[in-house]
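Chemist: The number in our numbering is simply the position in the sequence shown, starting from 1, with 10 added.
Ideal Cβ placement from N, Cα and C applies to all residues, glycine included.
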Amino acid sequence: MIKTIVFDLGGVYFTNGLDRAVRLISENYSFDEEMIRETLRGDASRRLRRGEMTEGEFWGHALRDWGLNEDPVFLSRVWSSGYVPREEIRALIKKLRKRYKVMFLSNSFSERAKHLEAAYGFLQDFDGGVFSNEVGFLKPEKRIYEVLLEKAKCMPEEILYIDDKGDYLKPAKDIGIGTMLFKDAKTLAEQLKKEGVRV
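1. Can you look up Gly139 in the DSSP assignment and give me helix, strand or coil?
2. Mind the definition here: the region 80-94 touches the region 26-36 only if three or more C-beta pairs lie below 8 angstroms; say whether that holds.
3. Under 6 angstroms Cβ to Cβ from Glu98, same chain only, skipping five residues before and after it: list those, please.
4. Smallest Cα separation from Ala162: which of Phe147, Asp137, Ser86?
5. Count the other CB atoms within 10 Å of the CB of Ile185; is the residue buried (16 or more) or exposed (fewer)?
6. Less than 8 angstroms between the CB atoms is what I'm expecting for Tyr171 and Leu102, so what's the real figure, rounded?
7. Candidates Val157, Asp81, Lys204: which alpha carbon is nearest Ala182's?
8. Measure how close the beta-carbons of Ser118 and Ser142 come, nearest whole angstrom, since I'm counting them as under 8 angstroms.
9. Among the residues of its own chain, which have a CB less than 6 angstroms from the CB of Thr9, if the five just before and after it don't count?
10. Skipping 5 residues on each side, what residues in its chain have a beta carbon closer than 8 angstroms to that of Met113?
11. For Phe17, write down the residues that DSSP places opposite it in a beta bridge.
12. Just how far apart, CA to CA, sit Tyr23 and Leu106?
13. Starting from Gly27, trace the alpha helix (DSSP H) in both directions and tell me its first and last residue.
14. Which residue from Leu148, Met11, Lys104 puts its Cα closest to that of Ser55?
15. Go ahead and pull the three-state DSSP assignment for Pro150.
16. Let me make sure I understand the geometry here. Which of Asp174, Lys152, Ile187 has the alpha-carbon closest to that of Glu167?
17. Take Asp174 and list the residues in its own chain whose beta-carbon comes closer than 6 angstroms to its own, dropping the five residues that flank it on each side.
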């Protein structure tokens with residue numbers, strides 16, 4: 011029986027801010043989108059999301075990569091501005107919390123989490139969760155899902171995890187967590203009902 015439902019943040023609870031940031035930076039500086047995406051998802055980004063560097067250090071690295079002399083605060087705002095809560099998901103979570111524990115699992119970093127919390131107060135929608143930068147592990151590394159189990163205080167089969175990236179679902183499934191690939195809010199509500207989740 012499902013007791014805890016876990017949501018990814020960027021791409022499920024929030025819109026996909028990375029895609030928007032790539033597009034805006036590309037348009038602003040006439041850069042190749044793939045080059046920007048590589049930086050925003052590359053080694054320095056992984057270190058940032060593991061809590062091994064600050065956002066300021068990350069942007070220093072990115073600006074050197076791109077040969078830009080730009081204010082990192084501006085670029086940080088561009089990146090964070092792409093993350094907007096999906097109101098249908100917020101409404102769904104509100105209903106789910108009447109019967110289930112609702113948590114999040116996110117590859118994120120301290121500065122962005124603080125910015126989004128100040129802007130939207132999103133943490134109040136959850137009963138807890140796991141930020142990668144706080145535990146030092148990233149999806150799809152097995153250890154982050156084990157940390158989730160510890161925090162949820164549930165058996166794997168009592169958890170349902172929702173993400174928009176199939177690569178992040180597989181390791182969860184491998185340790186016995188139920189998984190669901192996110193497409194849109196309407197489809198998600200239908201899938202949950204099919205799984206016997208009371209919405």
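Modeler: Based on what the coordinates show:
1. If you number the sequence shown from 1, residue 139 lands on position 129. Reduced to three states, the DSSP call for Gly139 is strand.
2. Counting Cβ pairs under 8 angstroms, three or more are found: they touch.
3. Taking the first residue of the sequence shown as 1, we reach residue 98 at position 88. Around Glu98: Ala195.
4. If you number the sequence shown from 1, residue 162 lands on position 152. The shortest CA-to-CA distance from Ala162 to any of Phe147, Asp137, Ser86 is the one to Asp137.
5. In the sequence shown, residue 185 corresponds to position 175, counting from 1. Counting of Cβ neighbours within 10 angstroms places Ile185 among the exposed residues, the total staying below 16.
6. Numbered from its first residue, the sequence shown carries residue 171 at position 161. Numbered from its first residue, the sequence shown carries residue 102 at position 92. Tyr171 to Leu102, Cβ: 15 angstroms. No contact.
7. As a working mapping, residue 182 is identified with position 172 in the sequence shown. Ala182 has its Cα closest to that of Val157, out of Val157, Asp81, Lys204.
8. For the purposes of this step, residue 118 is identified with residue 108 of the sequence shown, where counting begins at 1. For the purposes of this step, residue 142 is identified with residue 132 of the sequence shown, where counting begins at 1. Rounded to whole angstroms, the Cβ separation of Ser118 and Ser142 is 6 angstroms, and the two are in contact under 8 angstroms.
9. Nothing can be reported for residue 9, as the shown portion of the chain is limited to 11 through 209.
10. Sequence index remark: in the sequence shown, residue 113 carries index 103 (1-based). Only Thr14, Ile15, Val16, Phe17, Phe136, Asp137, Gly138, Gly139, Val140, Leu158, Lys161, Ala162 meet the Cβ criterion.
11. Counted from its first residue, the sequence shown places residue 17 at position 7. Beta-bridge pairing links Phe17 to Phe114, Ile172.
12. Within the sequence shown, numbered from 1, the residue matching residue 23 stands at position 13. Within the sequence shown, numbered from 1, the residue matching residue 106 stands at position 96. The alpha-carbon atoms of Tyr23 and Leu106 are separated by roughly 14 angstroms.
13. Within the sequence shown, numbered from 1, the residue matching residue 27 stands at position 17. Run containing Gly27: 27-39, per the alpha helix (DSSP H) assignment.
14. For this step, residue 55 is matched to residue 45 along the sequence shown. Of the listed residues, the one whose Cα sits closest to Ser55 is Leu148.
15. Taking the sequence shown and counting its residues from 1, the one referred to as residue 150 is at position 140. DSSP places Pro150 in coil when its eight states are reduced to three.
16. Along the sequence shown, read from residue 1 onward, the residue named residue 167 stands at position 157. Of Asp174, Lys152, Ile187, the residue nearest in Cα terms is Ile187.
17. Within the sequence shown, numbered from 1, the residue matching residue 174 stands at position 164. For Asp174, where only same-chain residues beyond five positions count, the Cβ hits under 6 angstroms are Gly21, Val22, Phe192.
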